[in-house]
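Single-structure report; data block below.
In our numbering, the protein residues as written are 12 to 419.
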């Protein structure tokens, strides 16, 4: 028995039932690069602010504008590219992504950097939406959450290796060198992904109206609402991790990448757990991760003065926070099976809408009377609010992942 891909969209080469398709780890490479660039500013904030002659809070807008670009790019590009072969969309997104990084490295003003980051973000949104559907279609309903978890482990790897390495390169040769390195690696990734063997279903397209009607249910909006506030809370604290660790914890600047590695190991654990538990216990896993994340962020406010506690709590925040992307994407696709690409894009948009809001509010908190612990306090409150829609969702019936249509 084989699983038919969503109408008019894509699947990778069929694979042996029960085995993960080879395309998924390849897409993980793209996810690694996308997440590295999304989070790298947090590890380079002080250098960027000094070079472009802005405050650290203003430099944090580079995180906010990237998130806004993904909020716009994911759903818009999902609709705009729905008739294109996925290889065209994925490679095109990587090429634009690389160009955006080159422009960022060449930027002579903060405003130019903002524009370049926005361009890169739109391309990232397009990549995430299509890659998620390719991964889940290739794996089939039974392995969909695990495929998303594996693909999104690129997020954890980016935080373990990509972001700390980028921060280290920034310490050695300046922040622009980090963006040039990302430009080169993305160009290589575009070549690799262009060689992926994908089949494209050219059958009847589901109309845009029909896809939008899939969103006429409260459950998917509860998922998206929870995703926005939980991701926003986590990124509120993470966006200003460097000032917190240097100015409050008292760590030297060179040690910040070490904390980023610890955070990234937590991210890897989170994506792995979400992938393994998401198919059968999606809501419970989401609820548990959110509760743990809220507690860890709240504890950062009094305990971040201690280096050991800072290491431990950022590890926990990473693990809890990175449960969100695979769970949110998997649940969205499961709740809107007739519009998988738009569902995945909506999850990406919700996640990054939260990131934009969280990083912006955290910047305001940093310059308020809350001071250096303001971002962590804001983060704890936002993640705590995320429990509300998840509890409501838990009280509603969730369709079984095995109820998707199957075609022999």
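From the three backbone atoms N, C-alpha and C, an ideal C-beta is built for every residue, glycine too.
Looking only at its own chain, which residues have a Cβ that is under 7 Å from the Cβ of residue i, when we skip the five neighbours before and after it?
i, result
"residue 309", "391"
"residue 243", "365, 366, 368, 369, 393"
"residue 82", "360, 363, 364, 367"
"residue 253", "53, 54, 56, 57, 267"
"residue 245", "304, 328, 332, 390, 394"
"residue 251", "71, 373, 377, 386"
"residue 288", "296"
"residue 86", "353, 356, 357, 360"
"residue 118", "124, 127"
"residue 213", "Legend: pLDDT at residue 213 = 40, less than 50; position of this residue unreliable, value from coordinates given subsequently. Excluding residues within five positions, none has a Cβ falling inside 7 Å."
"residue 47", "169, 173, 174, 177, 193"
Taking 7 Å as the cut-off, decide whether the C-beta atoms of residue i and residue j are in contact.
i, j, result
"residue 73", "residue 52", "yes"
"residue 65", "residue 129", "no"
"residue 116", "residue 190", "yes"
"residue 108", "residue 197", "yes"
"residue 42", "residue 123", "no"
"residue 143", "residue 282", "no"
"residue 201", "residue 105", "yes"
"residue 338", "residue 307", "no"
"residue 262", "residue 255", "no"
Taking only three categories from DSSP, how would you classify residue i?
i, result
"residue 58", "helix"
"residue 407", "coil"
"residue 381", "coil"
"residue 423", "An answer regarding residue 423 cannot be provided, because it is not within the stretch 12 to 419 covered by the chain."
"residue 399", "helix"
"residue 93", "coil"
"residue 350", "coil"
"residue 206", "coil"
"residue 258", "helix"
"residue 268", "helix"
"residue 293", "helix"
"residue 365", "helix"
"residue 316", "coil"
"residue 156", "helix"
"residue 119", "coil"
Spatial neighbours of residue i within its chain, please: CB distance less than 6 Å, with the 5 preceding and 5 following residues excluded, ordered by chain position.
i, result
"residue 237", "397, 400, 401"
"residue 300", "331, 334"
"residue 354", "343, 344, 347"
"residue 68", "374, 377, 378"
"residue 272", "171, 175"
"residue 274", "170, 325, 329"
"residue 79", "367"
"residue 311", "324, 387"
Does the distance between the C-beta of residue i and the nearest non-hydrogen atom of the ligand NAD fall short of 6 Å?
i, result
"residue 324", "As presented, the structure is devoid of all ligands, the ligand NAD included, so that no description of it is given."
Excluding the 5 residues flanking residue i on each side, which residues of the same chain have their C-beta closer than 8 Å to its C-beta?
i, result
"residue 258", "383"
"residue 157", "31, 150, 286, 287, 289, 290"
Review point. Does the region 137 to 148 come close enough to the region 223 to 234 that 3 or more CB-CB pairs lie under 8 Å?
Key: Result no; under three Cβ-Cβ pairs closer than 8 Å.
**Study point:** the region 310 to 320 in contact with the region 173 to 187 per 3-pair CB rule at 8 Å
**Key:** Between the region 310 to 320 and the region 173 to 187, the count of C-beta pairs closer than 8 Å stays below three; the two stretches do not touch.
Check your understanding: Looking at C-beta atoms only, is the number of pairs between the region 91 to 99 and the region 382 to 389 that lie closer than 8 Å three or more?
Key -> Cβ pair count under 8 Å is below three, so no.
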